[in-house]
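By the numbering used here, the letter at position 50 of the sequence shown is numbered 100, and the numbering carries on one by one without gaps.
Don't be surprised by glycine CBs; every beta carbon is placed ideally from N, CA and C.
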Amino acid sequence: MELSSRITEIAAPAAQEAGLVLEGVEVSAAGKRSRVVVTLDLPETEVGSADLDRVAEASRAIGAALDEADVPSTPYVLEVTTPGTDRPLTERRHFLRARTRLVELTLADGPLEGRLLDVVDDALVVAVDGQERRVPLADVASGRILVEMKRD
């Protein structure tokens, strides 16, 4: 079994105990050690950002689980992180997590900017210029969260 798959298998339950979801695992060489980056996020039912206490709790649990399983079997550095606002929105669950945020969508007929209100079935509900617009997920090539310095 590939190392990143084995780490995913071990880390996912530890993340879940902290109320987080394992988003991804990357393993790379870092000198004589391996660098293990575990990305966590809130479940798709929650809106907001994972708080530092939950991430720290998950980090401790993941580190302990990896050490107990002796995976990786060589020295490693564990980094636990969250996706951040610059993560591309590519899957339904990403859009669920971005509810209430200002987003920019790339559609076949051009870009669309608005506030993501909800995800209903396979469509996004986006407020654009005071009007609600339903955008089928199948029509979205990509999306991203726009950073707001001050939200009215």
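Use the C-beta contact count for residue 230: other C-beta atoms within 10 angstroms, 16 or more gives buried, fewer gives exposed.
Nothing can be reported for residue 230, as the shown portion of the chain is limited to 51 through 202.
Measure the Cβ-Cβ separation of residue 84 and residue 77 and say whether it is below 8 Å.
yes
Given that a residue counts as buried once 16 or more other Cβ atoms are within 10 Å of its Cβ, and exposed if not, what is residue 179?
exposed
Of the residues 99, 177, 57, 182, the one placed nearest residue 152, counting alpha carbons only:
177
Where does residue 196 sit, in a helix, a strand or coil, going by DSSP?
coil
Residue burial classification, residue 139 (beta-carbon count within 10 angstroms, cutoff 16):
buried
From 186, 59, 113, pick the residue whose C-alpha is nearest to that of residue 125; which is it?
113
Please report the straight-line C-alpha distance between residue 66 and residue 159, rounded to a whole angstrom.
39 Å
Nearest-angstrom Cα separation, counted from residue 194 out to residue 133
12 Å
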